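Quick note, the sequence shown lines up with residues 8 to 246 if you use my numbering. Inspection log for the structure reproduced underneath, given as structure tokens.
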Amino acid sequence: MERLDKLLASTGRWSRSQVKELVRQGRVRVDGRVAARPEEKCAPEQELTVDGEPVCLQKFVYIMMNKPDGWLSATEDKRQQTVLDLLDKPLQRRGLFPVGRLDKDTTGLLLLTDDGELAHRLLAPKSHVDKVYLARVDGCVNEDDVKAFQEGMVLEDGLECLPAGLEPLEDGSRCLVTLREGKFHQVKRMLAARGKPVLALRRLSMGPLQLDRSLPEGGWRPLTEGELQALREAVPAKV
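So, in structure tokens, the structure goes:
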């Protein structure tokens, strides 16, 4: 059982203070009866309506975003726009956060959620969740670069990089990079170490989750049940 105001605020559609006002105005019903107090206890399975419209109570929210260039993968920043600013206002109040960060100038797949447990499992090094990036470089990726990625690399600053996938595309100025870790600027640093500085970087997938190519940059949508189930199966919780 949870407080009525907490349950309704958890949808992201209203703040706690807004819920209290809705209750005061008699606009909230619980199983058909007018709610008496915002602090009254309710179960998530009870029927809740506001202004006669059913309220769907979701424990967690899962959003796929096609992150645009120039936006921070953060929950807040006093000087710059973050990816949360791209969401509808109710979702901005929900407490969502990015699962893993993309650099400000990196685009592509970004998962946003308030499910901390699933996020932790996806990011845990032991989970070995592959992340695939499309990179455009200054130069031409060759077989020596592919071999260097396969063997793992130690960069000049001492950063140790696990073996990774590198697949040249077309004339070699574009390539697919597959990582099982996500160290700071890793794709850029590994390619730069091979003399192929990155000009543009886009994340295409995270484990089984593939970027929806119909999403424009800055666009987003909830995960489908199939996508969410695939993520959970990729990083099962410990029994």
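A virtual CB, placed ideally from N, CA and C, is assigned to each residue, including glycine. Here the structure is a predicted model, which is why all the values come from computation and not from measurement.
Got a sec, what are the start and stop residues for the beta strand (DSSP E) residue i sits in?
i, result
"S212", "205-213"
"G146", "Counting along the chain, G146 falls outside any beta strand (DSSP E), and DSSP gives it neither H nor E."
"K74", "69-74"
"V35", "35-37"
"T56", "55-57"
"G172", "172-176"
"L186", "181-186"
"L166", "L166 -> no beta strand (DSSP E), and no H or E assigned at all."
"R44", "Note, R44: premise wrong, no beta strand (DSSP E); not H, not E."
Tell me whether the beta-carbon of residue i lies closer than 8 angstroms to the beta-carbon of residue j.
i, j, result
"K203", "G146", "yes"
"D313", "T185", "Lying before the first or after the last residue shown, residue 313 is absent from the chain, which here runs from 8 to 246."
"L29", "V62", "no"
"V194", "Y140", "yes"
"Q88", "L94", "no"
"P51", "L14", "yes"
"L206", "V153", "no"
"L118", "M213", "yes"
"W11", "V37", "Residue 11 is actually Leu in this sequence, not Trp. For L11 and V37, yes; Cβs fall inside 8 angstroms."
"R210", "L129", "no"
"L166", "R196", "yes"
"G107", "G189", "yes"
"L222", "E234", "no"
"E9", "K48", "yes"
So, helix, strand or coil for residue i, using DSSP?
i, result
"L98", "helix"
"F104", "strand"
"M8", "coil"
"V26", "helix"
"L222", "coil"
"E234", "helix"
"R239", "helix"
"L64", "coil"
"L109", "coil"
"K13", "helix"
"V90", "helix"
"V246", "No answer about V246 holds up, because its pLDDT of 42 lies below 50 and its placement is not dependable."
"R20", "coil"
Mind checking which residues open and close the alpha helix (DSSP H) that includes residue i?
i, result
"G123", "123-130"
"V194", "193-200"
"V153", "150-158"
Report back the beta-carbon spacing between residue i and residue j to the nearest angstrom; my notes put them in contact at under 8 angstroms.
i, j, result
"L103", "V148", "Actually they are not in contact, since the Cβ atoms of L103 and V148 sit about 36 angstroms apart, beyond 8 angstroms."
"M72", "L230", "Contact flag wrong, Cβ pair sits at about 11 angstroms."
>> Would you call the segment 166-179 in contact with the segment 230-245, where contact means no fewer than 3 C-beta pairs closer than 8 angstroms?
In response: no
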